[in-house]
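Q: I have a structure I would like to understand better, so I am pasting it below and will then ask my questions one at a time.
Number of protein chains: 2
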Amino acid sequence: MSTRERILDKALDLFNQSGMYKTGVREIARSLEISPGNLSYHFARKEDLLIALLERYGETNDALYAAYFDGEPGLGRYLELISTLLENAYSHRGAFLGLDELRAVIGAEYDYRVVEEKRRSFLDHILTKLEGVGDLNFDEMDKAFMIDFIAFFQRCWIMEAMISYAHLDKTQIISRYMRFVAMQFAQIATLKGQRVLGRWL
Amino acid sequence: MSTRERILDKALDLFNQSGMYKTGVREIARSLEISPGNLSYHFARKEDLLIALLERYGETNDALYAAYFDGEPGLGRYLELISTLLENAYSHRGAFLGLDELRAVIGAEYDYRVVEEKRRSFLDHILTKLEGVGDLNFDEMDKAFMIDFIAFFQRCWIMEAMISYAHLDKTQIISRYMRFVAMQFAQIATLKGQRVLGRWL
DNA sequence: TATAATTTAGTACGATGTACTAATATTGTC
DNA sequence: GACAATATTAGTACATCGTACTAAATTATA
Numbered sequence: 010m011s012t013r014e015r016i017l018d019k020a021l022d023l024f025n026q027s028g029m030y031k032t033g034v035r036e037i038a039r040s041l042e043i044s045p046g047n048l049s050y051h052f053a054r055k056e057d058l059l060i061a062l063l064e065r066y067g068e069t070n071d072a073l074y075a076a077y078f079d080g081e082p083g084l085g086r087y088l089e090l091i092s093t094l095l096e097n098a099y100s101h102r103g104a105f106l107g108l109d110e111l112r113a114v115i116g117a118e119y120d121y122r123v124v125e126e127k128r129r130s131f132l133d134h135i136l137t138k139l140e141g142v143g144d145l146n147f148d149e150m151d152k153a154f155m156i157d158f159i160a161f162f163q164r165c166w167i168m169e170a171m172i173s174y175a176h177l178d179k180t181q182i183i184s185r186y187m188r189f190v191a192m193q194f195a196q197i198a199t200l201k202g203q204r205v206l207g208r209w210l
Numbered sequence: 010m011s012t013r014e015r016i017l018d019k020a021l022d023l024f025n026q027s028g029m030y031k032t033g034v035r036e037i038a039r040s041l042e043i044s045p046g047n048l049s050y051h052f053a054r055k056e057d058l059l060i061a062l063l064e065r066y067g068e069t070n071d072a073l074y075a076a077y078f079d080g081e082p083g084l085g086r087y088l089e090l091i092s093t094l095l096e097n098a099y100s101h102r103g104a105f106l107g108l109d110e111l112r113a114v115i116g117a118e119y120d121y122r123v124v125e126e127k128r129r130s131f132l133d134h135i136l137t138k139l140e141g142v143g144d145l146n147f148d149e150m151d152k153a154f155m156i157d158f159i160a161f162f163q164r165c166w167i168m169e170a171m172i173s174y175a176h177l178d179k180t181q182i183i184s185r186y187m188r189f190v191a192m193q194f195a196q197i198a199t200l201k202g203q204r205v206l207g208r209w210l
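Next up, the structure:
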């Protein structure tokens, strides 16, 4: 494994433990047994660590979406996808929680709005297909709201989780938020879809 | 106005502009034309500034809830309340955005879970009354989800707003999120309730 | 007015992110 | 295999940060 990757892994580890701002670059270097100068060679600014972590997170997400699009559409498979996305976000929580404060710095370099737009078009496509296979039933207004809801939810749930439910473990947290998502889908699910949702409620 | 209040106002101002971490204590002191030592007399740690701001925010919120409870229950009045709560949060956004990263430090001193529990019991009470006056119609499961939704929404919307909609002004942002809330209420609104929601959709 | 308490300014200290230089490893080329 | 070029590493210096500390100034109290 390259030094760059080792740095990223350790940084995420420490960010997850104590947050980005409580973790110093010297601490990262020390626990990797490399010099601070070496670290700043690979990542000139601490923010660059965050950007790299977020990119890696994004790539994992893309792969998960691609895998979903590879198979047959279905509410069951889609909820499985969401659950895996939540797990991925959970393991990158240390990177997320720094994002808001750093938007002033990395806003220009890491345009979340582009990612956001891609996600929304994915969602549109997915929901349409789920209506096609008879799992969901909705009008245009419902769909627009559902897209808003999921986009909002996927952006924010980890922050609420870390503030209000930090005492729960990963499994409990994810099951809580999957129930939350399933409840929303229940509003536009057909009878067939309702049966799939049962597993998460 | 006391020095303490002047510090809080200026700090919130600067936090809103550039975020908590980009704003140094020396910068706050300089723009108030006081010494750093004076600032650290009133607020020993930078985190104490954040705590004080969040407390002030909480007190404003409490007063808004109290004013609502003082009058007649109604979906229209409740949505007005939510809209005002959003404005209050917006004006304290600089304090919020530091919260996640600081939970390790201030978690013990500022227990968000207590606030959360109070909010949830308020919500329960409000929703029950709204059903009583015939604006809403829901079962227990709907109600539990609605409480989850609003609690989640009120915690997180400002973060999404600052990342994805920072280019919009305050009025646009609030109208966007009020539409979002109204859409959710539409799921459990009676015909009478629907008419009230029209204003926000 | 004398004394105590509060508030202020000024400064010093350790830690932080980062820039910079020199040394060492690695790679590619003849 | 020798040598030049590049990439990687270590070490250190510097400005800035949050904060602690002391002494002066102001305000309140008797």
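Chains W and A, in that order, are what the protein sequence lines are.
For any residue, its number in the numbering used here is found by taking its place in the first sequence, counting from 1, and adding 9.
For any residue, its number in the numbering used here is found by taking its place in the second sequence, counting from 1, and adding 9.
Just so it is clear, CB atoms sit at the ideal spot from N, CA and C, and this is done for glycine as well.
So which of TYR121(W), LEU73(W) and ASP57(W) has the shortest CA-CA distance to SER92(W)?
A: Per the Cα distances, LEU73(W).
Q: Just reading off the alpha helix (DSSP H) that THR32(W) is part of, what are its end residues?
A: Run containing THR32(W): none; DSSP gives neither H nor E here.
Q: Does the pairing of the stretch 144 to 158 of chain A with the stretch 190 to 197 of chain A give three or more beta-carbon distances under 8 Å?
A: Contact holds: three or more Cβ-Cβ distances are below 8 Å.
Q: Which word fits GLU126(A), buried or exposed, when buried means at least 16 other C-beta atoms lie within 10 angstroms of its C-beta?
A: Classification of GLU126(A): exposed, given that the 10 Å Cβ count is below 16.
Q: On the CB-based measure, 16 or more other CB atoms within 10 Å of its CB, does ASP157(W) come out buried or exposed?
A: With 16 or more other Cβ atoms within 10 Å, it is buried.
Q: Put ALA198(W) into one of helix, strand or coil per three-state DSSP.
A: Note: ALA198(W) maps to strand in three-state DSSP.
Q: Out of ASP120(A), VAL123(A) and ALA153(A), which has the shortest C-alpha to C-alpha gap to HIS7(A)?
A: In this structure chain A extends from 10 to 210, so residue 7(A) is not present and cannot be described.
Q: Please compile the residues from chain A whose C-beta is within a distance smaller than 9 Å of the C-beta of MET10(W).
A: Those do not exist, as MET10(W) stays about 28 Å from chain A at its closest Cβ, beyond 9 Å.
Q: Go through its chain and collect everything with a Cβ distance to TRP209(A)'s Cβ below 7 Å, but skip five positions before and after it.
A: Once the five neighbours on either side are set aside, the close Cβ partners of TRP209(A) are LEU88, MET187, ARG188 and ALA191.
Q: If you pair each beta-carbon of the stretch 167 to 179 of chain A with each one of the stretch 172 to 184 of chain W, do three or more pairs fall below 8 Å?
A: With the cut-off at 8 Å, the stretch 167 to 179 of chain A and the stretch 172 to 184 of chain W do not touch.
Q: Nearest-angstrom Cα distance between LEU41(A) and ARG102(W)?
A: Near 36 Å, if we compare the C-alpha coordinates of ARG102(W) and LEU41(A).
Q: According to the Cβ coordinates, are PRO45(A) and ARG54(A) closer than 8 Å?
A: No, these two residues do not count as a Cβ contact at 8 Å.
Q: Which chain W residues are close to GLN196(A), counting only those with a beta carbon under 8 Å from its beta carbon?
A: Chain W residues near GLN196(A): GLN196.
Q: Looking at C-alpha atoms only, which residue of LEU106(W), ASN25(W) and LEU58(W) is the closest neighbour of MET168(W)?
A: Nearest of LEU106(W), ASN25(W) and LEU58(W) to MET168(W), Cα basis: LEU106(W).
Q: Could you compute how far the alpha carbon of LEU48(W) sits from the alpha carbon of LEU21(W)?
A: Their Cα atoms are separated by approximately 14 Å.
Q: Could you tell me how far apart the beta carbons of LEU84(A) and GLY202(A) are, in whole angstroms, since I believe they sit closer than 8 Å?
A: With 8 Å as the limit, LEU84(A) and GLY202(A) qualify as a contact, their Cβ atoms being about 5 Å apart.
Q: Per DSSP, what are the beta-bridge partners of LEU48(W) in this structure?
A: DSSP lists no partner for LEU48(W).
Q: If we require 4 or more residues per run, which alpha helix (DSSP H) segments fall completely within the stretch 36 to 111 of chain W?
A: Listed in chain order, they are 45 to 51, 55 to 79 and 84 to 100.
Q: Using DSSP with H/G/I as helix, E/B as strand and the rest coil, what is LEU210(W)?
A: In the structure shown, LEU210(W) sits in coil (DSSP, three-state: anything other than H, G, I, E or B).
Q: Are any of the Cβ atoms in chain A nearer than 8 Å to that of TYR30(W)?
A: With 8 Å as the cut-off, TYR30(W) counts as an interface residue toward chain A.
Q: Find out if the Cβ-Cβ distance for the pair PHE24(W), ALA98(W) is shorter than 8 Å.
A: In this structure, ALA98(W) does not lie closer than 8 Å to PHE24(W) by Cβ.
Q: Which residue wins for smallest C-alpha separation from MET150(W), given the options GLY141(W), ASN70(W), LEU136(W) and PHE162(W)?
A: For the residues GLY141(W), ASN70(W), LEU136(W) and PHE162(W), the minimum Cα distance to MET150(W) belongs to LEU136(W).
Q: Based on Cα-Cα distance, which residue from CYS165(A), GLY33(A) and TYR121(A) lies nearest to LEU63(A)?
A: Comparing Cα-Cα distances from LEU63(A) to each of CYS165(A), GLY33(A) and TYR121(A), the minimum goes to TYR121(A).
Q: How big is the Cα-Cα spacing for TRP166(W) and ARG129(A)?
A: Taking the straight line joining both Cα atoms gives about 17 Å.
Q: At a CB-CB cut-off below 7 Å, which residues of chain A make contact with GLU169(W)?
A: Within 7 Å Cβ-Cβ: PHE161, ARG164 and CYS165.
Q: Using only the alpha-carbon positions, how far apart do THR12(W) and ALA75(W) sit?
A: Looking at the two C-alpha atoms, the distance is approximately 29 Å.
Q: Considering only their Cβ atoms, is the gap separating ALA61(W) from LEU17(W) smaller than 8 Å?
A: Yes. Within cutoff.
Q: Does DSSP put LEU145(A) in a helix, in a strand, or in coil?
A: Here LEU145(A) sits in strand by DSSP.
Q: Taking just the CA atoms, how far does LEU132(W) sit from LEU206(W)?
A: Going from the Cα of LEU206(W) to the Cα of LEU132(W) covers about 18 Å.
Q: Please name the residues in the stretch 139 to 162 of chain W whose beta-carbon is closer than 7 Å to at least one beta-carbon of chain A, in chain order.
A: Going along the stretch 139 to 162 of chain W in chain order, one finds PHE154, ASP157 and PHE161 with a Cβ nearer than 7 Å to chain A.
Q: Using a C-beta to C-beta distance shorter than 7 Å, which residues of chain W count as neighbours of PHE131(A)?
A: Under the 7 Å cutoff, chain W gives no residues; its nearest Cβ is about 16 Å from PHE131(A).
Q: Once DSSP output is grouped into helix, strand and coil, what is the label at SER184(W)?
A: SER184(W) falls in the helix class under three-state DSSP.
Q: Run the CB neighbour count on GLY80(W), radius 10 Å, all protein chains shown included, and call it buried at 16 or more, exposed below.
A: Exposed, by the Cβ-count rule.
Q: Name, please, each residue of chain A whose Cβ falls closer than 9 Å to the Cβ of PHE189(W).
A: What PHE189(W) touches in chain A: PHE154, ASP157, PHE158 and PHE161.
Q: If contacts are defined as beta-carbon pairs under 8 Å, then GLU96(W) and ILE183(W) qualify, I think. What distance do you get, rounded to the angstrom?
A: About 6 Å separates the two Cβ atoms, so the contact holds.
Q: Could you tell me the distance, in whole angstroms, from the CA atom of ARG86(A) to the CA atom of ILE159(W)?
A: ARG86(A) and ILE159(W): Cα-Cα distance of roughly 28 Å.
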